[in-house]
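Heads up: the structure comes next, in structure tokens.
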Amino acid sequence: MTATPDALLASLARRLGQDRVLTDPSELVVYEADGSTMHDVTPRAVVFPRGTEEVAAVVQACLANGVAFVARGAGTGLSGGAMALDGGIVVALNRMDRILGIDVEDRRATVEPGVRNLAVSEAAARHGLFYAPDPSSQAVCTLGGNVAHNSGGPHTLKHGVTVNHVLGVQLVTPWGEVVRVGGPDRPGYDLLALLTGAEGTLGIVTEVEVALRRIPEGVRTLLASFPDVDRASAAVSAIIGAGIVPAALEMMDDVVVGALEAAFGFAFPSDAGALLLVESDGPEPGLDREAADVAEVCRAHGALDVRSADTAAERAEVWTARKKAFGALGRVARHYYTQDGVIPRTRLPDMLRHVREVAARHGLRVANVFHAGDGNLHPCILFDEDDAATRAKVLEAGAEILRHCVELGGSLTGEHGVGVEKREAMALLFSESDLELMRRLSDAWDPAGLCNPGKVLPMGAGCVELSPRARQAAL
Amino acid sequence: MNRAVPDVVLEPGDADEAAELLRGAASNGLALLVRGHGTRASQGALPRDVDAVFSTARLGAVETYEPGDLTLTVGCGIGLAALHDLLAERGQWLPLQAERRRGTLGGLLATAADGVVDLGYGRPRDLVLGARVALADGLVARARGRVVKNVAGYDVPRLLVGSFGTLGALLEVSLRVAPRPARRTAALLGYASVADALLAAERVREGRDEPVFVDVLAGACEPQLALGFDGSEERVAGCRRRAVAAAERVGCTGLMLLDDDASAELRRRLDDPVAHLLPEDEGARPGVVVRWSGRPSLLGGWLSAALAAAERAGVAVRADARPALGLGFLGLTGDDADALEATAREVLTLGRRRGAAVLLAAPDTLRGEPEDVWGPPPADWSLMERTAQALDPQRVFSCGRFVGGL
Ligand SMILES: Cc1cc2nc3c(=O)[nH]c(=O)nc-3n(C[C@H](O)[C@H](O)[C@H](O)COP(=O)(O)OP(=O)(O)OC[C@H]3O[C@@H](n4cnc5c(N)ncnc54)[C@H](O)[C@@H]3O)c2cc1C
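Note that the protein sequences, when read in sequence, are chains A and B.
Just so we're aligned, residue 2 is where the first sequence starts under my numbering, counting upward by one.
Just so we're aligned, residue 15 is where the second sequence starts under my numbering, counting upward by one.
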């Protein structure tokens with residue numbers, strides 16, 4: 002360290018302006034955690050750079066002072082990725098939120114990292130284009146966060162996740178250089194793939210170029226209710242097995258359905274143990290037939306009822322229900338903890354049974370609302386008492402669920418990332434050699450170890466001070 | 015200039031053997047070249063002298079194939095013919111170069127080979143879920159996994175796709191496979207000029223018929239537009255009818271609708287740009303294939319300038335352009351080696367002004383320097399070098415074939 006941390010804050014205030022450097026503890030509270038509810042840590046400071054040059058200046062100042070830095074978008078991440086560990090500062094990018102250009106002819110948009118996901122599709126809509134990856138948090142989360150987590154969403158089953166849509170980024174490297182990292186089609190290594198999903202540990206993205214697609218000509222949305230999740234899961238496998246690639250294939254169990262009814266009065270078939278939301282999109286020719294095929298498969302697998310949402314208003318209602326599912330859960334329990342695991346989709350019945358067993362054994366309630374077509378589960382553990390014993394139980398139940406995902410040949414995370422939350426769990430999925438390979442990359446890219454440290458790779462217990470807590474479910 | 019391929023071949027039968035052989039090679043300071051069946055070995059710049067070949071030929075075992083999950087984990091040495099047959103038995107396919115029977119899966123992935131239906135199904139990077147790789151010091155590691163959605167850890171598999179074997183050897187990969195569509199048809203339309211064919215392609219792109227390929231073919235015969243459609247009977251019939259109608263309005267001179275068999279024949283031709291643009295039946299004339307990539311709106315400009323350059327030089331030329339992907343392939347053939355080389359250089363220079371242009375096939379005289387083949391190092395070159403330094407600090411696998419001499 003060549004200067005004291007206070008000297009760092011003073012120099013940042015000089016460079017960015019005093020109003021762009023937050024140090025008041027009451028203001029830092031907001032930046033203690035992200036959307037995950039289990040941990041928090043107070044950053045040393047929060048800075049709001051206005052552009053690439055200022056981000057680079059911040060990174061250089063941090064390097065010169067040996068202080069860690071972490072990028073932050075909207076803070077909706079669910080794995081603690083945007084938490085500033087090691088006494089670091091938060092580089093808040095949510096004010097860098099300009100759409101720099103929409104190129105209609107070449108179907109791409111160039112945006113600053115703080116642009117909200119939905120804002121891109123909104124800006125592109127009048128050209129008949131949209132940005133395909135659609136996390137449920139899309140009204141809030143930023144493109145920078147999406148790139149960092151390789152975020153997906155309900156419609157990524159057909160349209161792909163973030164990495165399939167990023168054409169280029171501007172990066173401030175962990176050593177403070179500004180580099181334009183070019184599309185997957187320029188000759189050389191696919192560094193965009195490496196950066197997408199690297200959770201901000203390989204640099205700060207200050208500009209993103211993404212591909213836009215034509216808005217599909219037609220959409221068919223079906224809501225099928227089943228007596229139980231097993232039969233709904235079998236229908237999922239059968240739909241995929243029949244060669245149908247729906248745009249979205251989402252499942253909600255009875256707890257979620259009940260919560261949506263209680264919270265918002267959505268009227269679903271009341272005897273349903275599980276609901277499948279299946280959406281097909283694409284050219285009109287053949288689309289009715291595809292929807293009819295889906296409905297037939299659902300009925301053949303014991304669906305109680307298959308409804309179609311025919312008007313735009315009906316479709317919007319169904320999707321609102323899906324996207325408000327977590328919010329509704331917040332009304333039936335004071336707290337919840339969402340897990341994110343992946344399994345081969347044919348193992349869904351086995352996995353969902355396991356989730357119920359784990360919850361029962363710990364005396365906890367659990368709700369499931371997830372991307373069934375991808376085998377991407379989001380078991381949501383509900384609890385009311387915010388005490389240490391309950392928290393320990395909740396975390397243990399979550400860990401057991403993850404272990405089973407790994408046992409079934411799946412993954413620890415499908416879209417929420419490793420962050421700080423699953424860092425140590427990486428050792429469940431990966432051998433020491435596997436982790437060694439990743440460490441070689443991160444050591445080469447972040448030789449100073451100051452770029453979002455303490456994320457992604459396991460450090461062994463006890464290296465980082467975290468204060469676990471549960472927060473009021475707010476979303 | 016004439017660099018011989020060594021007789022020493024390291025040919026492991028599994029990952030443990032691969033690790034052992036690589037450790038042995040490392041302790042002897044050997045420089046290695048990764049090879050599958052060698053069908054793509056002539057791509058890239060001429061390799062520097064290497065001491066041994068690291069062959070994946072015996073690494074072709076199927077680890078797990080779960081048709082219900084649409085996933086496959088397989089050794090990279092598996093031949094494409096065996097791979098395609100395996101999937102066909104279960105009514106599935108890997109859309110990457112689905113009609114190609116030569117070469118290995120590892121070779122296809124390491125060179126990020128283009129296939130005709132990439133527009134519809136994605137490029138090699140889009141279908142790779144996980145990998146097991148061997149680094150030069152014998153470290154064998156897996157990254158990502160076997161499931162279709164996964165963000166655990168760095169995306170090393172995609173990093174190795176298209177790396178030309180310069181970072182490490184891909185031993186095994188997990189892939190996303192797909193049900194074979196019920197119908198796979200195509201249409202061919204003729205045009206008076208390349209400009210018309212490109213305009214027709216643009217009309218199709220403005221529609222919403224989701225073709226799986228849109229290729230503008232030029233050179234050998236009158237300019238043509240080739241369109242492909244996959245899916246159910248109804249989908250394919252309706253979309254083809256609409257797309258063809260849009261393309262016809264540009265003033266087409268002829269139309270041929272291809273059924274599944276004829277379409278398969280066309281796809282076989284277009285799946286491998288090098289074989290397509292340098293047809294073997296025209297004798298072993300020296301040839302060059304240039305691949306251009308960039309913004310779709312710039313493709314037409316490059317293509318017409320390149321065709322004009324070839325014509326001026328009296329060099330035979332064929333082209334296959336994929337406007338929706340921002341991709342163009344140009345094949346040049348001729349007996350006058352000097353004219354051929356000069357034209358190739360001109361076409362590359364034109365392409366590199368606004369976009370990237372690389373050589374997919376060329377005589378040795380054009381492949382001497384990495385910069386000739388790949389163009390100048392890109393803006394993020396320093397990050398590539400850093401990545402190579404991380405995974406292969408001794409540059410064991412960097413035989414000079416790749417960008418910047420990696
Ligand atoms: C209700 C709810 C629903 C959700 N639904 C989904 C879903 O359907 N699919 C899904 O994938 N996720 C979902 N998420 C998770 C979350 O919204 C995504 O991970 C999102 O991409 C995070 O974006 P953010 O801007 O909030 O990032 P933040 O939380 O601010 O940061 C996330 C990570 O990105 C890094 N980062 C942020 N900006 C940059 C940058 N410019 N450069 C480098 N690194 C950066 C941070 O350091 C951190 O590691 C949901 C979250 C909530 C709360």
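All residues carry an ideal CB built from backbone N, CA and C; glycine is no exception.
What do you reckon, are the CB atoms on residue i and residue j nearer than 8 angstroms?
i	j	result
D87 of chain A	A75 of chain A	no
V421 of chain A	G455 of chain A	yes
L397 of chain B	L458 of chain A	no
L383 of chain A	A368 of chain A	yes
V187 of chain B	V142 of chain B	yes
H156 of chain A	A292 of chain A	no
A126 of chain B	R116 of chain B	no
L84 of chain B	A192 of chain B	yes
I245 of chain A	V295 of chain A	yes
D406 of chain B	L181 of chain B	yes
Q111 of chain B	L94 of chain B	yes
T66 of chain B	A39 of chain B	According to the sequence shown, residue 66 of chain B is Ala rather than Thr. Going by C-beta atoms, A66 of chain B is nearer than 8 angstroms to A39 of chain B.
S317 of chain B	G342 of chain B	Position check: residue 317 of chain B holds Leu in this sequence, whereas Ser was assumed. Against a cut-off of 8 angstroms, the Cβ pair of G342 of chain B and L317 of chain B comes out as a contact.
L241 of chain B	A257 of chain B	yes
G345 of chain B	S307 of chain B	no
G144 of chain B	A157 of chain B	yes
L144 of chain A	V112 of chain A	yes
F227 of chain B	V131 of chain B	yes
Looking only at DSSP bridge pairs, what is residue i linked to?
i	result
T199 of chain B	B:F243
P193 of chain B	B:Q106
N377 of chain A	A:V343, A:H372
R336 of chain B	B:L341
F227 of chain A	A:A275
G89 of chain B	B:E186
M482 of chain A	No information on residue 482 of chain A is available, as it lies outside the stretch 2 to 476 that chain A covers here.
C422 of chain B	The question about residue 422 of chain B has no answer here: the residues shown for chain B are numbered 15 through 420.
I90 of chain A	A:A46, A:F70
E80 of chain B	B:T85
V175 of chain B	In DSSP, V175 of chain B forms no bridge with anything.
D282 of chain A	A:V220
T382 of chain A	Note that residue 382 of chain A is Ile in the sequence shown, not Thr. Paired residue(s): A:Y338, A:V367.
Q238 of chain B	B:G204, B:L231
Mind checking which residues open and close the beta strand (DSSP E) that includes residue i?
i	result
N369 of chain A	366-371
R283 of chain B	Premise fails: R283 of chain B lies in the alpha helix (DSSP H), 274-285, not in any beta strand (DSSP E).
Q171 of chain A	167-173
H336 of chain A	336-339
W306 of chain B	301-307
A145 of chain B	142-148
D229 of chain B	227-232
V48 of chain A	46-48
V453 of chain B	The requested residue 453 of chain B is not part of the displayed model; chain B covers only 15 to 420.
Looking at the unbroken alpha helix (DSSP H) that takes in residue i, where does it start and where does it end?
i	result
Y135 of chain B	132-135
V407 of chain A	389-408
F267 of chain A	Careful: F267 of chain A lies outside any alpha helix (DSSP H) and carries neither H nor E.
S434 of chain A	433-446
L317 of chain B	310-327
Item to check | Continuous alpha helix (DSSP H) assignments of at least 4 residues falling wholly in the region 376-413 of chain B | outcome: Entirely contained in the region 376-413 of chain B, the alpha helix (DSSP H) runs reaching 4 residues are, in chain order, 384-388, 395-405.
Next on the checklist: With a threshold of 8 angstroms, are at least 3 pairs of Cβ atoms found where one atom belongs to the region 375-395 of chain B and the other to the region 299-313 of chain B?
Outcome noted: With a cut-off of 8 angstroms, the region 299-313 of chain B and the region 375-395 of chain B count as touching, because enough Cβ pairs lie within range.
Checklist entry - Do the region 343-351 of chain A and the region 228-244 of chain A touch if we need at least three Cβ pairs shorter than 8 angstroms? => result Short answer: they touch.
Checklist entry - Touch check for the region 195-213 of chain B and the region 257-277 of chain B: three-plus C-beta pairs under 8 angstroms? => result Because the criterion of three Cβ pairs below 8 angstroms is met, the region 195-213 of chain B and the region 257-277 of chain B touch.
Item to check | contact_flag[the region 45-57 of chain A, the region 5-18 of chain A] where n(CB pairs < 8 angstroms) is 3 or more | outcome: Counting Cβ pairs under 8 angstroms, three or more are found: they touch.
Next on the checklist: Could you check whether the region 432-445 of chain A touches the region 358-366 of chain A, counting it as contact only if at least three pairs of C-beta atoms, one from each stretch, sit closer than 8 angstroms?
Outcome noted: No, because fewer than three Cβ pairs between the region 432-445 of chain A and the region 358-366 of chain A fall closer than 8 angstroms, the two stretches do not touch.
Next on the checklist: Between the region 39-47 of chain A and the region 197-214 of chain A, can you find at least three pairs of beta-carbon atoms closer than 8 angstroms?
Outcome noted: By the criterion of at least three beta-carbon pairs nearer than 8 angstroms, the region 197-214 of chain A is not in contact with the region 39-47 of chain A.
Checklist entry - Does the count of Cβ pairs from the region 409-418 of chain B and the region 41-55 of chain B closer than 8 angstroms reach three? => result In the pairwise beta carbon analysis, the region 409-418 of chain B is classified as touching the region 41-55 of chain B: at least three pairs are separated by under 8 angstroms.
Checklist entry - Between the region 158-170 of chain A and the region 253-260 of chain A, do three or more beta carbon pairs fall short of 8 angstroms? => result With a cut-off of 8 angstroms, the region 253-260 of chain A and the region 158-170 of chain A do not count as touching, because too few Cβ pairs lie within range.
Checklist entry - Any contact of the region 218-226 of chain A with the region 170-185 of chain A, i.e. 3+ C-beta pairs under 8 angstroms? => result Here the region 218-226 of chain A makes no contact with the region 170-185 of chain A; the two share fewer than three CB pairs at distances below 8 angstroms.
Next on the checklist: For a minimum of 4 consecutive residues, which ranges assigned as the alpha helix (DSSP H) are wholly contained in the region 101-156 of chain A?
Outcome noted: Whole alpha helix (DSSP H) segments, 4+ residues: 118-125, 144-150.
Checklist entry - Can you list the beta strand (DSSP E) stretches of 3 or more residues lying completely in the region 173-237 of chain A, in chain order? => result If only complete runs of 3 or more residues are kept, the region 173-237 of chain A shows the beta strand (DSSP E) at 179-182, 205-212, 219-227, in order along the chain.
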